[in-house]
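Below: one structure, written as structure tokens.
There are 2 protein chains.
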Amino acid sequence: MNTYEKRRAALYDWMSREHIDLIMFEDAEGRRDSTVRWLSGHPSDAALFLSAGRRSLLMPWDIHISARYRDADQVIPYTDFERSPFKALRAAAEIFTLPAGSKVEVPPASPYPMVLRYKEVLGGFTILCRDSGAHHEAARARAVKDPGEIGLYRRVAAITNDIIARIEEEAGSGRIAVEQDAALFIEAACRDLGCEGTGFETIAAGPGRSGAIHAFPGYTKEAFAGAGLSILDFGLKYQGYTSDVTLTFARAPLTEAQEQMVSLTEKAYGLALGLVRDGAFARDIGAAAHDFLRGAGQQLVHGLGHGIGLDVHEFPSFSIRPDNDCALCTGMVFALEPGIYDPVQGGCRLENDILLTENGAEVLTRARIIRLPAAQP
Amino acid sequence: MNTYEKRRAALYDWMSREHIDLIMFEDAEGRRDSTVRWLSGHPSDAALFLSAGRRSLLMPWDIHISARYRDADQVIPYTDFERSPFKALRAAAEIFTLPAGSKVEVPPASPYPMVLRYKEVLGGFTILCRDSGAHHEAARARAVKDPGEIGLYRRVAAITNDIIARIEEEAGSGRIAVEQDAALFIEAACRDLGCEGTGFETIAAGPGRSGAIHAFPGYTKEAFAGAGLSILDFGLKYQGYTSDVTLTFARAPLTEAQEQMVSLTEKAYGLALGLVRDGAFARDIGAAAHDFLRGAGQQLVHGLGHGIGLDVHEFPSFSIRPDNDCALCTGMVFALEPGIYDPVQGGCRLENDILLTENGAEVLTRARIIRLPAAQP
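Read top to bottom, the protein sequences are chains G and U.
Anchor point for the first sequence: position 376 equals 376 in our numbering, and the numbering is continuous, going up by one each time.
Count along the second sequence starting at 1, add 1000, and that's the number in our numbering.
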């Protein structure tokens, strides 16, 4: 079995245990789901169906792309169904000759009115749409990377580190002087180094804009890496898998408040990293970082971290919400990213990607808070 | 009243007619909705509530960004509710002192399990989640641009045309030689000209990759504008509003099949443009283009066009699905983009942005199929 077949096989086993007859996955505008790519190799708009009979049916919008990438037992152009998910699901039920009463699971991201229509269109079936069903099972499986994926992560981390080193040099020397210099340097360099592109829109926020969590717009022509705090948050996508790192450039002279922000961010990061181990609850690590910063008079206004993979935000979550019951385990890859933001002082964030191995946390990337000397007048 | 107040006032009037007590809008990861920005000015993650008492309540994730952009009667940090939409909605109902039995409308993009939870959490209220409710009303209102928005569209079109002219020159001279040359030229130039950035990921697909509808990845280091057909699909975002154009570079020598693709694409575009008028059904125009290409032995595998605005795909749709009942009217801005794709010959698409004025269709942008002479050996 190839990688895609193995992944589907695990879901077929789950279907058998749970008595589910058909699962629908959908990757569409407004409802992106990289699980389609993870299960079939097809990287863009498509519906994917898995049947209890252990067969996969892909309906890609673009058949020329699918011809190159897809791994599925059967492929039918989505345009044969006018790209209607209702027609597609009905066709899949017919192709797999599902008997009346079959259990059909649709994506939990499906909008409410859409699910009502699924129920209407497939009157004879039981339509399931659950947060904790097949799609959650796939998300949990995706969180634990297989050896091939770990190899890709080592590769994308190496490329990311290469670019981090070059950016440190360029920013230190002043050749990266405005925000878009940094962002466009990354866009060009990552493709030169074999990446598909960036994993998300780069955020390059100079001292005047770094006080926002996610600066808006992502990058502009404003000054970057001048006196004070500048944030550079970027990710590179290599064969689908994205890194996610944040550097902060701290150029002298810093205010006392800025010095403290740098120090607290580094401490929160070190504290969180020290708690990473197999079996630890991600919520507890998130809470420790939140509590530490609160104790220092600051607030962590976003999650401490998140899994990375084909998506930049995936399982596990480090959310401190009570319903987050995720335990870390060997093979997971995730980003930790404590940060502090102030409308006057600017912002400071430190983010690296971590692989949890049998020997503990392995920090794959080398982002840091970079101290730069005062610029020459 | 300022622009945002006017837009909200129209929705308050609608609420009064429809007896809706509270509307929730949400802009979140996986559920983007630029209507929040359109109604409040706040450009990123937030929940927005409008009450029957004609009051607006914004809950932004990033209060530093909202301080700069937002126009709303009341602002409370979303983090006060742990960014939980359930807690946020319950708080809004309390703040507006909604009596039991009130009608509360949540976004139609809300996932099915989320709406079940809204119903649970707000047991005493009637929760509405409909495709044809308040959010549809806002989408229809957004489709007809006001004078300020039309001014912004003239501006972003002028910038787009400036960049088109420069790219034609750069590609003709060979200075744009690979796909990423074109895409990165646009990223830098649009910011130099005052844009927020690009409106979506640029697609630059050289002769080897233009046969895909949306090339994957969007742009690479492969050759661009060499012999055959190359597609460049990009949009620029100016104060939130995006253009959306597609150029095709047709470099000699072309095969007979490629010549025919170019000719048919131009004809389909001209045919569609000629049908644009106030009161015309967008579906009919879409169907005319589909039928024309089908009659010529080709297939239009995507929609003929779509409205543009704060989103790159918004109302009106030119979909040929039977339920598309949208009629064009003065003030709408939309893109028309017929195209033909072949895995061997490559692809050809022509897309321009059109403003429907009292005098008919005004083509704002100057994209075209650009014929280039054979490269010197």
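Each residue gets a CB set at the ideal place from its N, CA and C atoms; glycine is no exception.
Query	Result
Should Gly226 of chain G be labelled buried (16 or more other beta-carbon atoms within 10 Å of its own) or exposed?	buried
Using beta-carbon positions only, say whether Asp71 of chain G and Glu5 of chain G come within less than 9 Å of one another.	yes
What residues from chain U crowd round Gln180 of chain G, counting only those whose CB sits closer than 8 Å?	Glu1187, Ala1188, Arg1191
In angstroms, rounded to a whole number, what distance separates the CA positions of Tyr1269 of chain U and Glu1105 of chain U?	40 Å
Within 10 angstroms of its Cβ, does Ser1044 of chain U collect 16 or more other Cβ (buried), or is it exposed?	buried
Which term fits Glu382 of chain G, buried or exposed, when burial requires 16 or more other beta carbons within 10 angstroms of its beta carbon?	No answer is possible for residue 382 of chain G: it lies beyond the span of chain G, which begins at 1 and ends at 377.
Whose C-alpha, out of G:Ala215, G:Pro77, G:Ala157, G:Glu201, is nearest the C-alpha of Ala1067 of chain U?	G:Ala215
How close, in whole Å, do the beta carbons of Phe49 of chain G and Ala100 of chain G come, if the pair is a contact with beta carbons under 8 Å?	Phe49 of chain G to Ala100 of chain G, Cβ: 18 Å. No contact.
Please decide whether Lys6 of chain G counts as near chain B, where near means a Cβ-Cβ distance under 9 Å.	Structure shown: chain B not included; protein chains present are G and U.
Just checking: is the beta-carbon of Lys1103 of chain U within a distance shorter than 9 Å of some beta-carbon in chain G?	no
Tell me, to the nearest whole angstrom, how far the beta carbon of Ile159 of chain G is from that of Leu273 of chain G; I am working on the premise that it is less than 8 Å.	Actually they do not touch by this definition, with Cβ atoms about 22 Å apart.
Between which two residues does the beta strand (DSSP E) harbouring Val1104 of chain U extend?	1103-1105
Run down chain U in chain order and give the residues with a C-beta less than 7 Å from the C-beta of Ser110 of chain G.	Pro1111, Tyr1112
Counting contacts by CB-CB distance shorter than 9 Å, is Phe1216 of chain U in contact with chain G?	yes
Going by beta carbon distance, what residues of the same chain come within less than 7 Å of Leu1122 of chain U, once the five residues before and after it are set aside?	Leu1089, Arg1090, Ala1093, Val1104
Output needed in chain order: residues of the segment 38-50 of chain G with a Cβ under 9 Å from some Cβ in chain U.	Pro43, Ser44, Asp45
Are Leu57 of chain G and Phe96 of chain G closer than 9 Å when you measure CB to CB?	yes
Smallest Cα separation from Pro1107 of chain U: which of U:Glu1082, U:Trp1038, U:Arg1371, U:Ile1023?	U:Ile1023
Step through the CB atoms of chain G and report whether any lies within less than 9 Å of the CB of Leu1184 of chain U.	yes
So what's Asp244 of chain G in DSSP terms, helix, strand or just coil?	coil
So Arg1321 of chain U contacts chain G; which residues on that side make the cut at Cβ distance below 8 Å?	Glu82, Ser84
What is the DSSP secondary structure of Asp27 of chain G, reduced to helix, strand or coil?	strand
Does chain G have any CB closer than 9 Å to the CB of Trp1061 of chain U?	yes
Quick check on this structure: which residue in U:His1135, U:Asp1323, U:Ala1157 has the alpha carbon closest to the alpha carbon of Asp1033 of chain U?	U:His1135
If you reduce the DSSP assignment to three classes, tell me which class Lys1221 of chain U lands in.	coil
In whole angstroms, what is the alpha-carbon distance linking Leu1336 of chain U and Cys1129 of chain U?	31 Å
Helix, strand or coil, according to DSSP, for Ile320 of chain G in the structure here?	coil
Just the chain G side, please: which residues come within less than 7 Å of Ile1065 of chain U by C-beta, in chain order?	Ala212, Phe216
Listing by chain order, which chain G residues have their CB less than 8 Å from the CB of Pro1343 of chain U?	His64, Ala67
What first and last residue would you give for the beta strand (DSSP E) that runs through Ile354 of chain G?	352-357
Checking 9 Å against the spacing of the C-beta atoms, do Phe1318 of chain U and Gly1303 of chain U come in under that value?	yes
I believe Ala1109 of chain U touches Tyr1078 of chain U by the beta-carbon criterion, under 8 Å. Please report the beta-carbon distance rounded to the nearest angstrom.	Contact flag wrong, Cβ pair sits at about 18 Å.
By the DSSP assignment, the beta strand (DSSP E) with Ile1020 of chain U in it spans what residues?	Counting along the chain, Ile1020 of chain U falls outside any beta strand (DSSP E), and DSSP gives it neither H nor E.
Contact criterion: CB-CB distance below 9 Å. Does Val400 of chain G meet it with respect to chain U?	This structure does not reach residue 400 of chain G, given that chain G is present from 1 up to 377, and the question cannot be answered.
Considering Met1332 of chain U, what are the terminal residues of the alpha helix (DSSP H) in which it resides?	Neither: Met1332 of chain U is in no alpha helix (DSSP H) and is coded neither H nor E.
Would you grab the beta carbon distance between Leu1300 of chain U and Pro1316 of chain U for me? Rounded to a whole angstrom, and I think it's under 8 Å.	That pair is no contact at about 17 Å.
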